[in-house]
């Protein structure tokens, strides 16, 4: 079980991205973390093995590299679950560092939202929870994230306005994921009781 202290250190975006590239993962760190979060919202800690299998599906046969990457991804999953389960509202999406150009950060946020929706839909299928995903705040957030997955920044956008808009979008994503996690508590409990994951 991934119930853990909320003080767990989470791997950085760069470390996660490098590890995923080493094992030829089909996604970057932002999309992979988004997918993890969607799975955890719908399946709880039971989403971790599904996510690890999917994320490492293209890993080379060399067991040492996937083992190291697997350990990093397991730490990421544990810290993510702890942040979502904790009362401190400390969850943060794993995105490119603020030192990166705005264009890269916005692209990372778009990939993160794409990954989240993917993970949530996989969780809905596993947990037989399609109805819950299509109602309430969750449905609205999924629609918003679908739109955000298509967002891009032009080179001519003013820095101050672009930075402010990006910060607002990241905060919206952060709060929205926590809202979806809370809204799907009954689904996670049902999945846990049924032993599906």
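In my numbering, the protein residues as written are -11 to 185. Note that CB positions come from ideal geometry on N, CA and C, so glycine has one too.
Distance between beta carbons of residue j and residue i, contact taken as under 8 Å
i	j	result
residue 79	residue 162	6 Å
residue 101	residue 137	4 Å
residue 178	residue 96	About 33 Å separates the two Cβ atoms, so there is no contact after all.
residue 84	residue 76	Not really, about 24 Å apart at Cβ, beyond 8 Å.
residue 27	residue 111	5 Å
Cβ neighbour criterion (16 or more within 10 Å) applied to residue i
i	result
residue 30	buried
residue 113	exposed
residue 121	buried
residue 181	exposed
residue 135	exposed
residue 124	exposed
residue 19	buried
residue 45	exposed
residue 2	exposed
residue 17	buried
residue -7	Residue placement at residue -7 is poorly supported in this model, since its pLDDT is 37, which falls under 50; the coordinates are not used for a value here.
residue 35	buried
residue 51	Summary for residue 51: the model assigns pLDDT 49, below 50, so the residue's position carries little reliability; its value from the coordinates is reported in the next sentence. Burial call: exposed.
residue 117	buried
residue -1	buried
residue 5	buried
residue 152	exposed
For residue j and residue i, the rounded distance between their alpha carbons
i	j	result
residue 15	residue 8	7 Å
residue 164	residue 129	7 Å
residue 23	residue 106	6 Å
residue 65	residue 33	8 Å
residue 11	residue 147	35 Å
residue 90	residue 41	32 Å
residue 169	residue 94	23 Å
residue 61	residue 99	18 Å
residue 74	residue 25	14 Å
residue -9	residue 175	For residue -9, the pLDDT reaches just 37, beneath the cut-off of 50, and the residue's location in the model is therefore unreliable, although a value from the coordinates is still provided. Near 17 Å, if we compare the C-alpha coordinates of residue 175 and residue -9.
residue 158	residue 81	8 Å
residue 173	residue 127	15 Å
residue 68	residue 21	9 Å
residue 43	residue -3	21 Å
residue 150	residue 132	19 Å
residue 140	residue 154	11 Å
residue 171	residue 58	29 Å
residue 119	residue 38	21 Å
residue 55	residue 160	34 Å
residue 47	residue 156	36 Å
residue 142	residue 13	28 Å
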